[in-house]
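Below you'll find the structure, written out as structure tokens, and then a few comments.
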Amino acid sequence: MKRKLYLGALFAALLCLLTSAGPVAAGGDYVLEDSLEKIMQGGEYRRHLTGAKYRLAVFSFEDPQNTGLGDDVALLLARHILFSNSEFAIGILNFKQGLAPGQPGDLSYFDKVDKVAQAEQVNLAVWGRVLPVGDRLMVDTFLQLPPKSLEQNFSFYFSMPKAMGGKKLQAHMRPDRIHVQRIFLDQLGMADLAGAAGRQRHLLQAPRADAPVMAEIPRDKTFTIASVEKNWVQLQVKGGVKGWMPRFGPEFLKVLNAAEFAGGVLTRGPEGANPELTPEALAVAEQFQVMEGRLFWDPDETLLMINRWVSPERQAGSEPETQMARGAGKAPGGAAFANLKALVLIVKGVRECSRAKMAEGFSREEVKKNLREALSHSLSEEEAARVSGRIAKLLDKAPARLTERELNDFFSKKVGRELDKLARREKGGNLYFVLQEAVVAPMLDSCKLDPGYVREIANELAKASLDDPDNLDVLKNLAVLFDYLGDTERRNLAETIAGQVAAKK
Amino acid sequence: LAKRLLHSMGRRGWSCGLVNSFWRCLGATVLCLGLTAPVAGQTLLNGQVANAVTKVPIPGATVKLFHGNQELGAASSDARGNFMVSCTLPRSDQPQNLTLQLEHAEFEKASLTPQAVGGKFTQQSYALHLLPRGLIHCQPGKGRFVVVGHFQAPMGVTYSELPQRIATALTYDLLTRLQKLHLQANLQPKFLACEEAKSRLPDQGKLFAQALHADVFICGNVIQAEKQFNIRTFVSDSHGLFEVPLSFINQNVDLNDPGAAELQPETHAAVLAAVAVGFEKEEKFAEGVQATLLAEKLLEVSQSKQPDLAAEIDKIRGRCQARLPHQGLLAGGGQ
């Protein structure tokens, strides 16, 4: 009982620390098998370091030949992610023990990581393997996006115009189990790695390599980053000492390129080309760029990017500018790029349609009506009537038909001022976008793409589904597209197969 | 009845030819004579016992038939592996499950459950296969399996657990790839080391794969090279995919280096191709497609010089894709 109270207090303290403002880093070592046993037993699972905004599970790298470097790589990756993202509240859960199956058929590797990552609700999991090959060490690093994180941070939905049925098209990052890096370290590289890891286990009195050691970093203790000085980080152990630790970069340890990438995935989104990483890492980074909004802002450029992965314009080998290789053959992620291509083509079509409509100009009365409608969703009835009345009065001075430019000027100047006043009072800063949306959205919603154009997109996507039969995004999108085309037979089939695939998962 | 039985026995090798001993002929004759006047309710169960791997008949196997704990009859297999158990069956109109047990000192025990209705067997003749002793743990059950057998080494050359290390390396290399595609846990292949599976000739690998109900059987040999060793690997399958075992070579390796157990991408591709055929047979076509695409990727990465293997993989993928319901999504319904 006393022990339970103590643990409760410890967790409460961690929670307070992690939910407090400011950069906070926390780490904890846990035994994988203990956590798995609790998960398998069912019932309530007590998550660790729950207060951190970004939570990362780092698993000791598989080390079948007991080189002792598996823990070192995991430690270095975890520290690098922490130190490179010190403005964020990050909790790092470090799981010990192996991921290989004890017996053939046992839960293993990605599936094992997935169980723990889902129970812990972490944003990202990192694991890998070290293996001596000849006189070198092969290091593989994997990232894994748990389903919840994938849905929240790495998915994209586009609502078709209402005139086309208004249903949603979707895309999710694939692969969500990513082989980020494979590198070979020579003897010197291994020594550097072991040496660097050793220096991540204790605190020094000063930011100098020859400074005396103050203390070991205690396990299961949280610590904050007190300050950063060039390549040194000052850590404050909760309720304990404050001391210095060096931070290493990928220029010193190439394995840390994987950590840079993981840090990006965790906080800002994966970054672009890096010749030290795999084509899969590049594929993930480029998909992220597309989903982040690039497909809206520049569909043509996005299509060029996608076509570098999808036949017949598939690029193979290293890119001269970046030295980054895209691999050969089918793109990583199955039909992910083919699916994104379908989405981009639809978005491009809708965008061109709305542009054409905008070129025709906007009816002043139509704009008034849409504004009233939009405001009624965001404000009280009384306030909506007041604000829309004032905007209508302003609009009355505008021409009966406004060009896109006139409408933009009207919103940014006159309506903007009116809304600024309202925003100061109501703290409703988003209203400007609500109103603009109210004018543009009906334009988009009235768009109806040529069925021949959509059919071609759907047919191409259907072909891609043969190479990635369990891709739910593809199947669901096909159902939406066939629905628009009035092809009920193919829509029903796509829905049926999607149901079967979902049941499998 | 006696005429028909004699005819049947003749076809099964029970005729009194020159090769048979006088006593065996006499025994058969006595049995036949006995059958011309069978004891009321007495019936016969016959069959042949063979080595599950080599398919060579096994003489001297003890065959016993039980109903529950009650022994109904017993026999011993002859030089051609044939046996015949004479027994009196329970005269019940309800189907009765019996147990036929087989034992031989050099083979794993085996049993099967014949059924009888109204004092007669529903099936009277069985072909039975016994696994050589020591192989039982290499036949793990249902699902997709890859078994790594013995690797022959030159005299005086020792290696520590090479099959186990190869099985471990394959587990990592292929499971991680398949799990990346979210292949369901129950469909993932299992990799098993079986040092006892000693194939004398590479061609026997197929027989081992079939006997062990594995998709793939890997064996090989270790060859003294100029400086170190070459490891030659033979990949056979139980589905008739590879008429002759595919052979790959890892050159100049230190046998005790963990990297020596890392097989080449072409070997991985061959294993995945056989696993894909396993999926195809199980009508798991989507999984078959995934396995073949992985195999193709491995060949691309390694810039393989195995055009036949690539063509075979392409064929398997084509067959699996043709059976996908997704065909109906194509323009014109895939016609």
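Chain order of the listed sequences is A and B.
Position one of the first sequence corresponds to residue 1 (my numbering), numbered consecutively onward.
Position one of the second sequence corresponds to residue 506 (my numbering), numbered consecutively onward.
Ideal Cβ placement from N, Cα and C applies to all residues, glycine included.
I need the straight-line Cα distance from residue i to residue j, nearest angstrom please.
i	j	result
Thr-267/A	His-202/A	27 Å
Pro-619/B	Gly-573/B	12 Å
Asp-231/A	Ala-674/B	It should be noted that the sequence gives Asn, not Asp, for residue 231/A. Near 38 Å, if we compare the C-alpha coordinates of Ala-674/B and Asn-231/A.
Lys-357/A	Leu-345/A	18 Å
Ser-84/A	Val-228/A	10 Å
Pro-645/B	His-609/B	21 Å
Ile-306/A	Asp-813/B	32 Å
Cys-447/A	Phe-296/A	16 Å
Phe-753/B	Ala-196/A	40 Å
Glu-785/B	Glu-792/B	8 Å
Leu-667/B	Phe-656/B	7 Å
Gln-170/A	Thr-627/B	57 Å
Arg-417/A	Ala-398/A	16 Å
Leu-193/A	Ala-796/B	36 Å
Gln-289/A	Pro-312/A	22 Å
Val-662/B	Ala-702/B	19 Å
Pro-830/B	Glu-495/A	12 Å
Can you find the residues in the same chain that come closer than 6 Å, C-beta to C-beta, to residue i, ignoring five residues on each side of it along the sequence?
i	result
Leu-799/B	Arg-682 and Leu-777
Arg-182/A	Asp-140
Ser-388/A	Leu-371, Arg-372 and Leu-375
Lys-414/A	Leu-394
Ala-503/A	none
Ala-209/A	none
Asn-551/B	Met-589 and Ser-630
Ser-809/B	Glu-771
With DSSP collapsed to three states, give me the class of residue i.
i	result
Arg-136/A	strand
Trp-309/A	coil
Pro-668/B	helix
Arg-405/A	helix
Leu-478/A	helix
Cys-353/A	helix
Glu-576/B	strand
Leu-510/B	Residue placement at Leu-510/B is flagged as unreliable, the pLDDT there being 38, under the threshold of 50; the coordinate-derived value follows with that caveat. Helix at Leu-510/B.
Tyr-823/B	According to the sequence provided, residue 823/B is Gly. The question's Tyr does not apply to it. Helix, per DSSP.
Lys-96/A	strand
Ser-459/B	An answer regarding residue 459/B cannot be provided, because it is not within the stretch 506 to 840 covered by chain B.
Ile-81/A	helix
Ala-89/A	coil
His-172/A	strand
Gly-389/A	helix
Leu-449/A	coil
Phe-252/A	coil
Arg-129/A	strand
Pro-442/A	helix
Phe-571/B	strand
Glu-613/B	strand
Gly-507/A	Limits of chain A in this structure are 1 at one end and 505 at the other, which puts residue 507/A out of reach.
Compare the beta carbon distance of residue i and residue j with 7 Å and say whether it is the shorter of the two.
i	j	result
Val-651/B	Phe-696/B	yes
His-559/A	Thr-278/A	Past the boundaries of the shown model lies residue 559/A; chain A is included only from 1 to 505, so the question cannot be answered.
Thr-593/B	Phe-571/B	no
Ala-698/B	Val-653/B	yes
Ile-821/B	Ala-774/B	no
Gly-329/A	Lys-685/B	no
Gln-672/B	Asp-720/B	Checking the sequence shown, residue 672/B turns out to be Ala, not Gln. No.
Met-291/A	Phe-110/A	no
Gly-91/A	Arg-55/A	yes
Can you find the residues in the same chain that come closer than 7 Å, C-beta to C-beta, to residue i, ignoring five residues on each side of it along the sequence?
i	result
Val-31/A	Lys-96 and Gln-97
Ile-457/A	Ala-342, Leu-345, Ile-346 and Leu-481
Leu-75/A	Ala-197 and Gln-200
Return the chain-ordered list of same chain residues with a C-beta closer than 8 Å to the C-beta of residue i, the five sequence neighbours on each side being excluded.
i	result
Glu-271/A	Glu-260, Phe-261, Gly-264 and Ala-285
Lys-846/B	Lying outside 506 to 840, the shown extent of chain B, residue 846/B is not represented and no answer is given.
Asn-757/B	Ala-730, Glu-731, Lys-732, Gln-733, Phe-734 and Asn-735
Leu-150/A	His-172, Met-173 and Asp-176
So is the beta-carbon of residue i under 6 Å away from any non-hydrogen atom of the ligand ATP?
i	result
Val-440/A	With respect to the ligand ATP, the structure shown offers nothing to examine, as it has no ligands at all.
Going along chain E, which residues have a C-beta under 8 Å from residue i?
i	result
Tyr-453/A	Looking at the structure shown, chain E is missing, and the protein chains on hand are A and B.
Runs of alpha helix (DSSP H) wholly within the segment 269-344 of chain A (minimum 4 residues, chain order): You should have 279-289 and 299-307.
Segments assigned beta strand (DSSP E), at least 3 residues, entirely inside the segment 189-244 of chain A: 202-204, 213-216, 222-229 and 232-237
4-residue-minimum alpha helix (DSSP H) runs that sit fully inside the segment 688-766 of chain B, ordered along the chain: 710-716
3-residue-minimum beta strand (DSSP E) runs that sit fully inside the segment 614-648 of chain B, ordered along the chain: 620-622 and 630-635
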